[in-house]
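Down below is the structure, laid out as structure tokens.
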Amino acid sequence: MTYLSKPKLFRPDTPKNALGYTRRDYEGAISTLCAGCGHDSISAAIVQACFDLDIEPHRVAKLSGIGCSSKTPDYFLGNSHGFNSVHGRMPSVLTGAALANRDLIYLGVSGDGDSASIGIGQFAHAMRRGVNMTYIVENNGVYGLTKGQFSATTDKGSKSKRGVVNNDSPIDLVALALQLGASYVARSFSGDKEQLIPLIKGALHHRGPAFIDVISPCVTFNNHPGSTKSYDYVREHNEAVNRLDVILPRDPIGASYAPGSLRRIVQHDGSVLHLRKLGEDYDPSDRIGAMNHLQERHALGEIVTGLLYVDGSAEDMHRHLNTVEKPLNQLRDAYLCPGSKALDALNASLR
Amino acid sequence: MKPTNIGAPDYFHKVVDCQWACPAHTPVPEYIRLVAAGRYSDAYMINWESNVFPGILGRVCDRPCEPACRRGRVDKEPVAICRLKRVAADLKDDIRPLLPVAKQTNGRRIACIGAGPASLTVARDLAVMGYEITVFDGGHSAGGMMRSQIPKFRLPDQVIDEECDYIIGLGVKTRFNHWVTSLKATLAEGWDAVFVGTGAPRGRDADLPGRQEAAAQIHVGIDWLSKVAFGHVTSISKRVIVLGGGNTAMDCCRSARRLGGDDVKVVVRSGYDEMKASPWEKEDAVHEGIPILNFLVPKSFVHEQGKLTGVMFEKVHAEYDAKGRRSLLPTGEADVLMECDEVLVAIGQENTFPWIERDIGLDFDKWGMPVLDAKTLQSTLPKVFFGGDAALGPKNIITAVAQGHDAAISIDLFCKGKNLQERLPPLVNLVSQKMGIHEWSYDNQVSEEERKKVPTKALASALKDIKIELELGFDPHLACAEAERCLNCDIETVFTAKTCIECDACVDICPTECISFVDNGEEDDLRGRLKAPATNRDQEIYVADGLKTGRIMAKDENICLHCGMCAERCPTGAWDMQKFLLKLAHAGAEVRRT
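Order-wise, the sequence lines are chains A and B. The working numbering numbers the first residue of the first sequence as 4 and each following residue consecutively. The working numbering numbers the first residue of the second sequence as 70 and each following residue consecutively.
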């Protein structure tokens, strides 16, 4: 199969963002995933989010592990830093990068195999350490690259394409993230960009570990009746708790909302999360309530989506470790090697 | 919005902007692909069937297709459609074996008056069917205004000869050097039908003070061009002013430049952009060092005892009223005198029918034009049909050809005693172009090349001889590169809602953001809610319903690149690329049995 690259011609009236870039400037190489893969929609959502937020491409570092999902950073943000790491090891490579240079925006892209199986330990520790990152799991419940075996997030009782029933209990990465201390936790669906794009924007503006579990149907191996991660099943069982609008400090005050229908959460950088309530009252600042809601709804066979938990004033690993403000590569010799007098003073203080 | 009926012949036809804009509806992308493939004879024959004069039109067509070309909306310039047609004509093999052979005579005799493009089209369409055609013309050979008014440096005689001979070779009889002076007398000869394709032969004159006195140095443009074409005029004075802003004015000034005019100017009433001449013809004139001066209205011809010394102009500016109508108002500045030795007046053409008696039952309207049925081109004298500039006023060659086809259908129906209004619709077909995964029967990679310039002779030598053709035409490499710029708008995106799983793959991949899945609404509302607002109201929105979520698929046809990416990324084949073929039913077409 040959893949033609996307034609470079674009609409003459194509909008430009504050940096003068078009949406196309945030794209990457042509995707070589199967046609119709949910992951491509997530890539498109990331492109749209970064375009909307006027993010300078060189300020983003995108890291991934192994798998279909981990291939996708090649397909978006072609002008950003990238690191395709070892299977399941994206979180530790990203943690190292974040420690060395806190000025970049870190975007970790992983899949259910990469994060819930081989890399579950890495996932857990990145969450609990409070690494300042956006962690997106492109969750299709199946090992696509190895022809469709059940993954660790496959629901118990769901069927493979060939009719085999999965008897193992699923790992819910959202529940884990909530428990392990992630300070921005969301779930979404690749087929609902209206919901997904603002969630990514909010995560990119969040300080601390922001985790988004995106259910992303695998059209080749997991989009059939009996699957709980097919386009049809997710659409039928999707229970969104809220709708998010991310308001940046520069944005004009726009739509007005009916009293009580909106919840405002201010993040550390001044960005405001406007959460429009849907249906019953849901409190996204209540971690335990979120965990309970998740379990209750899961028991009913529903897929809870939306911004499930957020702590706008969360702190991150740099604060915990009291690291230096400047990226390490900008520290000059004089600072790194302050001389014998400083050493003497240090030694004296320890005597 | 209601779901689009893609089965209606017009829907996809409109998407093929070039074919839709062409009066003869030539299947442009189809022949451009053949040019790219080096199949020049096949490309030529597609043109020949549709527009009869590919070699001529490939040089001098008014090209309504090019301003319509979709490429012009997404790129700097449209595809050089016209010059690719010329490539087919230049590089073809001997196509005579491919030409149809006239059927045995059916005994019907048709007279075509005038040997221009309209008459010759009628002759070709009907001769093939077995009609006995006789073409009358006052000139000594066929071609009409294509031969008499278009300068040879744009259209050499041998090109006209070749393509007229293909038609005459079908057994068409010719009566050249025969000026028809009476339609009444012609009708008395017992023709089954008479076709009038006599053009718009009278050039409008500038009736200004000094016109009569200095008549020797003031010429009506088209008459002068015709004298030049036949070698009766071979030189002109050094300083020439051409009045008028149409294509005839451009031909006049460029001819004058080649016949000794060193200081040739074109002076136009209107502004540069509003001039009637095609943009490329204006550019060609400017390229040959001819200034075009705008917003100057001629007031008088200045002369000394009958010898022209110049033209006096009034300076004007354009003002537009609330309805957008323009009026040219004096600026109040002093009049301008431009000195010159000769003037060419190219300010329009008119019809004139002195040879048609007004008492034979053929009605004329108050502007002196024959009263016609616009569809059938039949006059109030049922046996007499009109076409070309003679029918509905001066237009261009390709319109004349289209009218010739229409008149031929009418004449055929008339001779068979059938209802002239009952005409066959075009033949349309849609065929999938899928050859495999990511494989199509057309080259769907969108070329990023810029429009290719046609190589020309060096200007210095080209200006020395009016008979030297300036343009050399594309060579095969340039032709292929230019042909690859065609977006293949006839390869249509066809959507099947029932197989769509709404995965958004097409939405994400579309390079021009044409595709949206949204809630339905009224057109105005919907156009604003698409992924990219659809602001071009001339272009349709392709709407399909029947999706599981209850949304609709809405595709803005405006700047779809027809790259097939949506179909390549579609996991279920809900999008398919299908070739749309539209063939007009020409005279003699029959309903196909299926």
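Backbone N, C-alpha and C define an ideal beta-carbon position, used for all residues, glycine too.
- The criterion of a C-beta distance shorter than 8 Å is satisfied by A:SER191 and A:LEU202.
- As DSSP reads the structure, B:HIS372 sits in a beta bridge with B:LEU377.
- The beta carbon of B:HIS631 sits no closer than 8 Å to any beta carbon of chain A.
- The residues VAL140, ASN142, ASN143, GLY144, SER154, ALA155, THR156, in chain order, have a CB closer than 7 Å to that of A:ASP115 in the same chain once the five nearest residues on each side in sequence are set aside.
- In this structure, A:HIS90 and A:ILE121 form a Cβ contact; the two beta carbons are roughly 5 Å apart against a cut-off of 8 Å.
- Contact of B:ARG638 with chain A is assigned, a C-beta pair being separated by under 8 Å.
- Contacts with chain A at 8 Å (Cβ-Cβ) include B:ILE628.
- In the three-state DSSP reduction, A:ASN82 falls in the coil class, being neither helix nor strand.
- Using a CB distance below 8 Å, no part of the segment 470–481 of chain B faces chain A.
- When DSSP reads this structure, B:ILE560 sits in a beta bridge with B:LYS648.
- For B:PHE81, the three-state secondary structure derived from DSSP is helix.
- For A:ASN170, the secondary structure class from DSSP, reduced to helix, strand or coil, is coil.
- When rounded, the separation of the alpha-carbon atoms in A:LEU66 and A:ASN241 is 29 Å.
- At a cut-off of 8 Å between beta carbons, B:GLN502 makes no contact with chain A.
- Boundaries of the beta strand (DSSP E) harbouring A:HIS277: 275–280, taken from the DSSP string.
- When the Cα atoms are used, B:TRP117 and B:GLN472 turn out to be separated by approximately 15 Å.
- A straight-line Cα-Cα distance of about 40 Å links B:ILE305 and B:HIS546.
- Among the residues facing chain A, B:HIS507 is included, as its CB has a counterpart in that chain under 8 Å away.
- Residue pairing from DSSP places A:GLU141 in a beta bridge opposite A:GLY114, A:VAL217.
- Within chain A, the residues placing a beta-carbon under 9 Å from that of B:CYS572 are ALA38, GLY39, CYS40, GLY41, ASP43, SER44, SER193, GLY194, PRO220, VAL222, ASN226, TYR234, ordered along the chain.
- Looking only at B:GLY207, B:SER510, B:SER217, the smallest Cα-Cα distance to B:LYS296 is reached by B:SER217.
- By the CB criterion at 8 Å, B:LYS376 and B:ALA283 fall inside the cutoff.
- For A:GLY184, the CB contacts under 8 Å within the same chain, skipping 5 residues up- and downstream, are MET130, ARG131, GLY133, PRO212 in chain order.
- The CB of B:ASP607 never comes closer than 9 Å to any CB in chain A; the least such distance is about 15 Å.
- Looking at the DSSP output, B:MET622 shares a beta bridge with B:PHE586, B:ALA613.
- For the 8 Å CB-CB criterion, A:ALA189 and A:ILE215 form a contact.
- From the listed residues B:GLY207, B:ASN363, B:PRO494, B:GLU352, the smallest Cα separation to B:ALA77 is found for B:PRO494.
- Pairwise C-beta distances place the segment 218–238 of chain B in contact with the segment 179–194 of chain B, as three or more of them are shorter than 8 Å.
- Contacts with chain A at 8 Å (Cβ-Cβ) include B:LYS617.
- Taking 7 Å as the upper bound on Cβ-Cβ separation, chain B lies near no residue of the segment 146–167 of chain A.
- Take A:CYS221, set aside five residues on each side of it, and the residues of its chain with a beta-carbon closer than 6 Å to its own are ASN143, VAL145, GLY147, in chain order.
- Per DSSP, the unbroken beta strand (DSSP E) holding A:ASP248 starts and ends at 245–250.
- In the same chain as B:ALA460, and ignoring 5 residues on each side of it, the C-beta atoms closer than 7 Å to its own belong to LEU441, LEU446, GLN472, in chain order.
- DSSP, read as helix, strand or coil, puts B:LEU126 in helix.
- Going by DSSP, B:ASN498 is part of the beta strand (DSSP E) stretching over 496–501.
- Your pair A:GLN198 and A:ARG246 checks out as a contact, with CB atoms roughly 7 Å apart and the cut at 8 Å.
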